[in-house]
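Enquirer: Its first residue numbered 0, the sequence shown is counted upward by one per residue in numbering that gives the first Met the number 0. Below you'll find the structure I mean.
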Amino acid sequence: MDEMTKQRTLRASQPLWAETARISVRTRGKPSRQTYHTIVVGAGISGALVAQAVARPDRPVLVIDRRKPLGGSTMASTAMIQHEIDIPLTALSGMIGVARARRAWQRSAGAVLRLERLVRDLDIACSFERRATLLLAGDEMDGAALGKEAAARRKAGLAAEHLDADGVDARFGLKRDGGIVSDISASANPAQLAAGLLRAAAGNGAEIVSEVEITDVRSLGDRVAVATSAGALIEAAHVVFCTGYEFLKPLESRRHAIVSTWAFASRPKLALPDWLADHIVWEASDPYLYFRLGPEGRLIIGGEDEESSDAYLDEARMARKAARVREKFEALTGIDMGRPAFAWSAAFGTTDTGLPFIDTLSGTNNVHAVMGFGGNGITFSQIASEIIAARIDGHDDPDADLFRFPTR
């Protein structure tokens with residue numbers, strides 16, 4: 000493969016998480032050996048989860064990134080760790096079939112629970128908290144459509160409470176045509192989460208190298224040869240590309256796209272309703288507004304996505320997006336969030352089904368890639384770590400067929 004990844008500036012401005020503690024990771028300037036069992040390309044949340052899943056004291060693992068750890072899109076995440084997929088279960092059923100759609104949603108819910116357990120078992124201090132989700136009716140789905148969606152989720156074994164307009168008003172004080180309340184979501188500090196996972200992988204023997212780029216990869220039977228920007232040639236039994244929105248060029252497809260997104264954090268101790276401490280909120284609209292309670296009583300809010308791969312780099316848009324998001328939030332809740340204390344923008348990946356792509360590259364059996372595109376990228380990265388780890392161990396994951404690379 001002579002062409003490698005799409006390179007882009009992944010975020011702009013200063014995310015809230017950049018100023019938090021416990022986000023440093025010890026790295027090396029170059030690989031210490033020529034041969035590894037597994038090389039993980041990318042030191043963001045996807046690479047961290049995969050590295051933690053495959054690292055063993057007796058199995059040398061290298062994590063390598065052209066940036067410093069967490070230097071890409073992970074820092075820009077709002078870390079709304081949802082089991083709900085961007086494409087509703089009812090719509091996804093029409094796209095890929097009822098049984099497969101149910102499996103995808105069930106796998107997503109299970110991934111949130113397994114991630115929660117992993118964070119607890121590794122004792123990662125990252126403000127990980129279970130949350131319920133409130134999905135509000137919007138211009139894409141009205142109250143009646145949400146009723147059908149909730150019924151479909153319940154048939155799939157997923158708890159989903161449908162509220163009519165009176166129910167939404169009585170419980171949340173919001174004026175919308177309806178809503179769905181569901182469990183099995185969470186929130187966290189994404190930088191602390193990824194850093195903690197990388198440190199856990201290092202504790203199991205993984206080596207982390209930063210500011211070194213992979214320039215070429217060749218699959219040679221049961222080995223993979225990798226060239227670096229420093230002129231080194233290393234090899235491994237498996238290579239896993241976890242490069243996020245800087246995806247491998249051979250994987251370019253009409254079925255996925257890079258868009259632009261904006262996020263904001265309010266000043267601390269904003270006066271917010273008590274129920275927001277336990278809920279993540281988003282709406283069935285396009286573009287949709289989403290928000291949650293963050294550290295220090297801050298509101299973390301985002302939306303106003305644009306179907307442009309570089310609009311997020313336009314500084315002039317930031318003020319307009321902040322004003323629009325502030326206006327929407329006040330119209331919905333009656334609360335003025337004030338001028339944001341933090342504002343940032345980033346690239347964001349979408350797919351036509353809302354599902355990620357997690358697979359082995361065509362023509363190889365040992366070069367893998369993770370494209371955790373969609374609104375629940377952290378959840379999808381957890382799924383990817385499970386599928387890739389099973390594949391490296393020589394096992395088949397029962398849901399791997401749901402996440403195959405596009406063929407066009």
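Yeah, the Cβ is synthetic: ideal placement off N, Cα and C, and Gly gets one too.
Quick one, which of A185, F356, A100 has its alpha-carbon nearest A131's?
Expert: Looking up residue 131 in the sequence shown gives position 132. Closest option to A131, Cα to Cα, is A185.
Enquirer: In this structure, does DSSP put V167 in helix, strand or coil?
Expert: What you label residue 167 is simply residue 168 of the sequence shown in a count that begins at 1. V167: helix per DSSP, three-state reduction.
Enquirer: Take A340 as the anchor and find which of I377, A103, I300, D168 has the nearest alpha-carbon.
Expert: Indexing the sequence shown from 1 puts residue 340 at position 341. Closest by alpha carbon: I300.
Enquirer: Starting from D215, follow its DSSP beta bridges and name the residues at the other end.
Expert: Translated into the one-based positions of the sequence shown, residue 215 becomes position 216. According to DSSP, which records beta bridges pairwise, D215 is partnered with A226.
Enquirer: Can you tell me whether R27 is helix, strand or coil according to DSSP?
Expert: The residue labelled residue 27 in the question sits at position 28 within the sequence shown. Reduced to three states, the DSSP call for R27 is strand.
Enquirer: In chain order, which beta strand (DSSP E) runs of at least 3 residues are fully inside the region 114 to 149?
Expert: Listed in chain order, they are 128 to 135.
Enquirer: Measure the alpha-carbon distance for D313 versus I84 and round it to whole angstroms.
Expert: Indexing the sequence shown from 1 puts residue 313 at position 314. Indexing the sequence shown from 1 puts residue 84 at position 85. Using only the alpha carbons, I get a separation of about 29 Å.
Enquirer: For the pair the region 213 to 229 and the region 69 to 79, tell me if three or more CB-CB distances fall below 8 Å.
Expert: Verdict: no, contact absent.
Enquirer: Which value, in whole angstroms, describes the spacing of the CA atoms of A388 and I80?
Expert: Numbered from 1 along the sequence shown, position 389 holds the residue referred to as residue 388. Numbered from 1 along the sequence shown, position 81 holds the residue referred to as residue 80. Computed Cα separation, rounded: 21 Å.
Enquirer: What are the partner residues of S181, as DSSP defines its beta bridges?
Expert: For the purposes of this step, residue 181 is taken as the residue at position 182 of the sequence shown. T132.
Enquirer: Tell me which residue opens and which closes the beta strand (DSSP E) that R66 is part of.
Expert: Along the sequence shown, read from residue 1 onward, the residue named residue 66 stands at position 67. From DSSP, R66 is part of no beta strand (DSSP E); its letter is neither H nor E.
Enquirer: Is A321 closer than 8 Å to F263 when the C-beta atoms are compared?
Expert: Sequence index remark: in the sequence shown, residue 263 carries index 264 (1-based). Sequence index remark: in the sequence shown, residue 321 carries index 322 (1-based). Yes.
Enquirer: In angstroms with no decimal places, state the Cα-to-Cα distance between T20 and Q191.
Expert: Residue numbering aside, residue 20 sits at position 21 when the sequence shown is read from its first letter. Residue numbering aside, residue 191 sits at position 192 when the sequence shown is read from its first letter. At residue 20 the sequence reads Ala, which differs from the Thr that was named. So the two alpha carbons sit approximately 8 Å from each other.
Enquirer: Starting from S240 and walking both ways along the alpha helix (DSSP H), at which residues does that stretch end?
Expert: By one-based count along the sequence shown, residue 240 stands at place 241. What sits at residue 240 in the sequence shown is Phe, not Ser. No alpha helix (DSSP H) contains F240, which is instead part of the beta strand (DSSP E) from 232 to 240.
Enquirer: For H278, which beta-bridge partners are listed by DSSP?
Expert: On the sequence shown, residue 278 is found 279 positions in, with the first residue counted as 1. H278 pairs with A131.
Enquirer: Assign H237 to one of two classes, buried (16 or more other C-beta atoms within 10 Å of its C-beta) or exposed (fewer than that).
Expert: For the purposes of this step, residue 237 is identified with residue 238 of the sequence shown, where counting begins at 1. Buried: at least 16 other Cβ atoms inside 10 Å.
Enquirer: Taking Cβ positions, are V225 and V216 nearer each other than 8 Å?
Expert: Here residue 225 is taken as the residue at index 226 of the sequence shown, counted from 1. Here residue 216 is taken as the residue at index 217 of the sequence shown, counted from 1. Result yes, Cβ atoms of V225 and V216 sit closer than 8 Å.
Enquirer: Quick one: measure Cβ to Cβ for V40 and A50, integer angstroms, because I've assumed they're closer than 8 Å.
Expert: As a first step, residue 40 is located in the sequence shown; it is residue number 41 there, counting from the start. As a first step, residue 50 is located in the sequence shown; it is residue number 51 there, counting from the start. Wrong, their Cβ atoms sit about 10 Å apart, outside the cutoff.
Enquirer: Look up D335 in the DSSP assignment and say whether it is helix, strand or coil.
Expert: Taking the sequence shown and counting its residues from 1, the one referred to as residue 335 is at position 336. Three-state DSSP puts D335 in coil, outside helix and strand.
Enquirer: Between R266 and G337, how many whole angstroms is the CB-CB distance? I'm expecting something under 8 Å.
Expert: As a first step, residue 266 must be located in the sequence shown, where it is residue number 267. As a first step, residue 337 must be located in the sequence shown, where it is residue number 338. R266 to G337, Cβ: 6 Å. Contact.
Enquirer: Taking the alpha helix (DSSP H) that F404 belongs to, which residues open and close that run?
Expert: Translated into positions along the sequence shown, residue 404 becomes position 405. From DSSP, F404 is part of no alpha helix (DSSP H); its letter is neither H nor E.
Enquirer: Could you check if E295 is buried or exposed, using at least 16 other CB atoms within 10 Å of its CB as the buried criterion?
Expert: The residue you call residue 295 lines up with position 296 of the sequence shown. Exposed: under 16 other Cβ atoms inside 10 Å.
Enquirer: Excluding sequence positions up to five away, which residues of its chain have a Cβ less than 6 Å from the Cβ of D176?
Expert: The count along the sequence shown starts at 1 and reaches residue 176 at position 177. Closer than 6 Å at the Cβ level, and outside the excluded window around D176, lie A136, D141, G142, A164.
Enquirer: Quick check on DSSP: helix, strand or coil for E160?
Expert: Taking the first residue of the sequence shown as position 1, residue 160 is located at position 161. Strand at E160.
Enquirer: Starting from the C-beta of A124, find all residues in its chain whose C-beta is less than 8 Å away, skip the five residues before and the five after it, and write them out in chain order.
Expert: Within the sequence shown, residue 124 is the residue found at index 125, counting from 1. Here the set comprises R21, Q191, G195.
Enquirer: From which residue to which residue does the alpha helix (DSSP H) around F379 run?
Expert: To locate residue 379, count along the sequence shown from 1; it is residue 380. First-last of the alpha helix (DSSP H) with F379: 376 to 391.
Enquirer: Among the candidates R102, E234, A193, K67, whose CA atom is the shortest distance from the CA of L354?
Expert: Here residue 354 corresponds to residue number 355 of the sequence shown, with the count starting at 1. Among R102, E234, A193, K67, the Cα nearest to that of L354 belongs to R102.
Enquirer: Here's the rule I'm using: 16 or more other beta-carbon atoms within 10 Å means buried, otherwise exposed. How should R316 be labelled?
Expert: As a working mapping, residue 316 is identified with position 317 in the sequence shown. Buried: at least 16 other Cβ atoms inside 10 Å.
Enquirer: Less than 8 Å between the beta carbons of D304 and P286, yes or no?
Expert: Residue 304 sits at position 305 when you count from the first residue of the sequence shown. Residue 286 sits at position 287 when you count from the first residue of the sequence shown. Taking 8 Å as the Cβ cut-off, D304 and P286 qualify as a contacting pair.
Enquirer: Flag this pair as yes or no: are the beta carbons of K67 and S209 separated by less than 8 Å?
Expert: Taking the sequence shown and counting its residues from 1, the one referred to as residue 67 is at position 68. Taking the sequence shown and counting its residues from 1, the one referred to as residue 209 is at position 210. For K67 and S209, yes; Cβs fall inside 8 Å.
Enquirer: State the start and end residues of the unbroken beta strand (DSSP E) segment that holds I441.
Expert: Residue 441 lies beyond the range of the chain shown here (0 to 407); nothing can be said about it.
Enquirer: Taking the Cβ atom as the reference point for each residue, do L69 and A100 lie within a distance shorter than 8 Å?
Expert: If you number the sequence shown from 1, residue 69 lands on position 70. If you number the sequence shown from 1, residue 100 lands on position 101. For L69 and A100, no; Cβs fall outside 8 Å.
Enquirer: Should P189 and I44 be called a contact, given that it needs their Cβ atoms to be closer than 8 Å?
Expert: Here the question's residue 189 lines up with position 190 in the sequence shown. Here the question's residue 44 lines up with position 45 in the sequence shown. Their beta carbons are under 8 Å apart, which means P189 touches I44 by this criterion.
Enquirer: Which word fits Q13, buried or exposed, when buried means at least 16 other C-beta atoms lie within 10 angstroms of its C-beta?
Expert: Along the sequence shown, one-based indexing puts residue 13 at 14. Classification of Q13: exposed, given that the 10 Å Cβ count is below 16.
Enquirer: Starting from L354, trace the beta strand (DSSP E) in both directions and tell me its first and last residue.
Expert: For this step, residue 354 is matched to residue 355 along the sequence shown. Neither: L354 is in no beta strand (DSSP E) and is coded neither H nor E.
Enquirer: So what does DSSP say about T363, is it helix, strand or coil?
Expert: Against the sequence shown, residue 363 aligns to sequence position 364. In the structure shown, T363 sits in coil (DSSP, three-state: anything other than H, G, I, E or B).
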